[in-house]
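Novice: Below is a structure I'd like to ask you about.
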Amino acid sequence: MSARSYDESLVALRRALAFGINPSLDGVTELCEELGRPQDAFSVVQITGTNGKTSTARMTHALLRAEGLVAGLYTSPELERYPERMQVGEAPVTDEQFAEAVSAALDAAEMLRPGTLGETAGFTEFELLTAACLWLFRELGVQIAVLEVGLGGRWDATSVATPAVAVITGVGLDHTGILGDTLGAIASEKAAIIRPGAIPVLGPGTRGRDAVFLARAGVMGTQARAVREITTETPVAEALTVRYELLAHPAAPEGSSIVTVRGVEAGYGSLAVNAPSYQAANVATAIAAAEAAIGRALDATAARQTLRALALPGRFEIVARNPFVVVDGSHNPQAAGVLAGAIDEAWPVAAARPTILLGVLADKDARGIVAALTATACRFAVTAPDSPRALAATTLEAVVIEATGVEPLVFGDLASAIDALASAGDLVVTGSLTTAGQARKLIRESMR
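At position 131 of the sequence shown (counting the first as 1) the number is 501 in this note's numbering, and the numbers step up by one without a gap.
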């Protein structure tokens, strides 16, 4: 195998086709065949959904580790650095492990399609990263892997693996140019991860589209489980329904949510998570996924301790205090609406609420994001993250004025916005994962 340094592996990856989706699994299948089918070396929990899938994936991974399993986690995109996407145990893989895995995938790519890296005939970045991750998980002795779908489900590179558990957190309008412009079309793309032998887990966000997933489960010959609040109608038998109830929500930025979950296998009382109350649904979905993956009840004490200690990078993450600075990767109207509720919880007094600094990518619904946040915002500021896909700050300014009638503060770049706002009062930075990740890095560096 060719030996590449971490920097060399990044250069090669960045030469690959960077964004988009190929309507085929042929590329990643070829790579994995060349690598000896690493996806067959461990069990898989695959997680898709418009919102909540990263948090659910992190929680599921943590719960499986608490059961004593060697568990791998694959998420996307990264907040700051590529190795964040791959995790075995408590921390992301090292730069050296990442470089070794990418080298293995690049060598396989060159063997299969010589000289095509970066060409339309070559492999995409996500195909290479997925194959690299699966190879590394096998090399590190992973017993069960939690794979977050990058986009959709049917043609996502993670679907090279056949899951034992297929989780759909919910369905919303996002990536409509690729997945379809109706909720039904998007649900069909996500339903494709339900494969023969897989246990489907339908998160609370599938309500209204359950028929799509249940039909797919029927064709695949498998029985779905559903996650629903305690008083909500279930689309499956009660014995296959995971129920949850929110007992308490935060009343301050660092507050906890308390949730009780009745799983298929056992009950789990008074689980605390240091996060807004919207995470209650993800806690219940993760418990449903973990129970399905191991086929028995979880250790309730271990689960409770694990969730209490869990960190969720980029999801209402507090990165500074006095004043509070929170980064959140909400990048569509549905997620922004959930964030608005979290802000209302954490700052109950409307006059004391934080400034909301927005940086949005041009292919996202900026108007919908602003509209979802307008009622809760004390003041808007706008900027553009460092990305060729960023929406110009002046364009976002016009969106805010149209929605609110008030001119926001305008900053030409994220660094100047953080410099001006992070010490001036409580601040929430949001609009995209790119914005959240860059803000996170800038604030941490300023605190050194």
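Where is the CB? At the ideal position from N, CA and C, for every residue including glycine.
(1) Return yes when the C-beta of D477 is under 8 Å from any heavy atom of the ligand GDP, and no when it is not.
(2) In the structure shown, what three-state DSSP assignment does M456 receive?
(3) Less than 8 Å between C-beta atoms, sequence neighbours within five positions excluded: which residues of the same chain meet that for T546?
(4) Start and end of the beta strand (DSSP E) containing E599?
(5) Skipping 5 residues on each side, what residues in its chain have a beta carbon closer than 8 Å to that of R666?
(6) For P462, name the three-state secondary structure that DSSP assigns.
(7) Give the straight-line distance between the Cα atoms of V606 and Q416, rounded to the nearest whole angstrom.
(8) To the nearest angstrom, how far is it from the Cα of V752 to the Cα of P570?
(9) Distance, Cα to Cα, A411 vs L766?
(10) Which residues mark the beginning and the end of the beta strand (DSSP E) in which Q409 is found?
(11) What residue does the alpha helix (DSSP H) around Q416 start on, and which one ends it?
(12) Is D756 buried or exposed, if buried means 16 or more other CB atoms sit within 10 Å of its CB?
(13) Going straight from the alpha carbon of T490 to that of T805, what length do you get?
(14) Could you tell me whether the stretch 668-682 touches the stretch 433-441, where touching means 3 or more Cβ pairs closer than 8 Å?
(15) So, with DSSP's three-state summary, where would you put P566?
(16) For A382 versus V472, is the C-beta distance shorter than 9 Å?
(17) Shortest alpha-carbon distance to L682 belongs to which of R759, R674, N652?
(18) If distances are taken between C-alpha atoms only, which option among A705, V798, V719 comes closest to G738?
(19) By DSSP, does G488 sit in helix, in strand, or in coil?
(20) Do you know whose CA, among T426, P623, A720, S379, lies nearest V537's CA?
(21) Measure the CB-CB distance between A763 and F781 and report whether it falls below 9 Å.
(22) In the DSSP output, which residue or residues are listed as bridge partners for R749?
(23) Report yes if the CB atom of A609 is closer than 9 Å to the CB atom of F583, and no otherwise.
(24) Among P533, Q467, R407, G575, which one has its Cα closest to the Cα of A478?
(25) Would A792 and P693 be called neighbours here (beta carbons separated by less than 9 Å)?
(26) Just grab the DSSP bridge partners of V612 for me.
(27) Have a look at T494, R508, C503, A732 and flag the residue whose alpha-carbon is nearest the alpha-carbon of P393.
(28) Please state whether the Cβ-Cβ distance between A741 and R723 is less than 9 Å.
(29) Decide if M817 is buried, meaning its Cβ has at least 16 other Cβ atoms within 10 Å, or exposed.
Specialist: If we stick to the structure as given:
(1) For the structure depicted, the ligand GDP is absent and the ligand set is empty, with no information on it obtainable.
(2) M456: strand per DSSP, three-state reduction.
(3) The pLDDT assigned to T546 is 45, lower than 50, so where the model puts this residue is not dependable, and the model offers no usable value.
(4) Boundaries of the beta strand (DSSP E) around E599: 595-599.
(5) Contacts found: E635.
(6) It is a strand residue.
(7) In a straight line, the C-alpha of V606 is about 21 Å away from that of Q416.
(8) The alpha-carbon atoms of V752 and P570 are separated by roughly 40 Å.
(9) So the alpha carbons of these two residues sit roughly 47 Å apart.
(10) Boundaries for Q409: no beta strand (DSSP E) harbours it, and the DSSP string shows neither H nor E there.
(11) First-last for Q416: 413-418, but that is the beta strand (DSSP E), not the alpha helix (DSSP H).
(12) When all chains shown are included, D756 counts as exposed.
(13) Rounded to the nearest whole angstrom, the C-alpha separation of T490 and T805 is 29 Å.
(14) Inter-segment contact for the stretch 668-682 and the stretch 433-441 is present: three or more beta-carbon pairs are separated by less than 8 Å.
(15) It is coil, neither helix nor strand.
(16) Yes, the pair counts as a contact, with Cβ atoms nearer than the cut-off.
(17) Check the Cα spacing between L682 and each of R759, R674, N652: the tightest is with N652.
(18) Nearest of A705, V798, V719 to G738, Cα basis: A705.
(19) DSSP places G488 in coil when its eight states are reduced to three.
(20) The shortest Cα separation from V537 among T426, P623, A720, S379 belongs to T426.
(21) Contact flag set, yes.
(22) Answer is T725.
(23) Result no, Cβ atoms of A609 and F583 do not sit closer than 9 Å.
(24) Selected option, being the one with the closest Cα: R407.
(25) P693 is positioned such that its CB atom lies closer than 9 Å to that of A792.
(26) In the DSSP output, where bridge partners are listed per residue, V612 has V597.
(27) Out of T494, R508, C503, A732, the CA that lies nearest to the CA of P393 is found in T494.
(28) Not a contact, by the Cβ cut-off of 9 Å.
(29) Taking all protein chains in view, the Cβ of M817 is surrounded by fewer than 16 other Cβ atoms within 10 Å, so the residue is classified as exposed.
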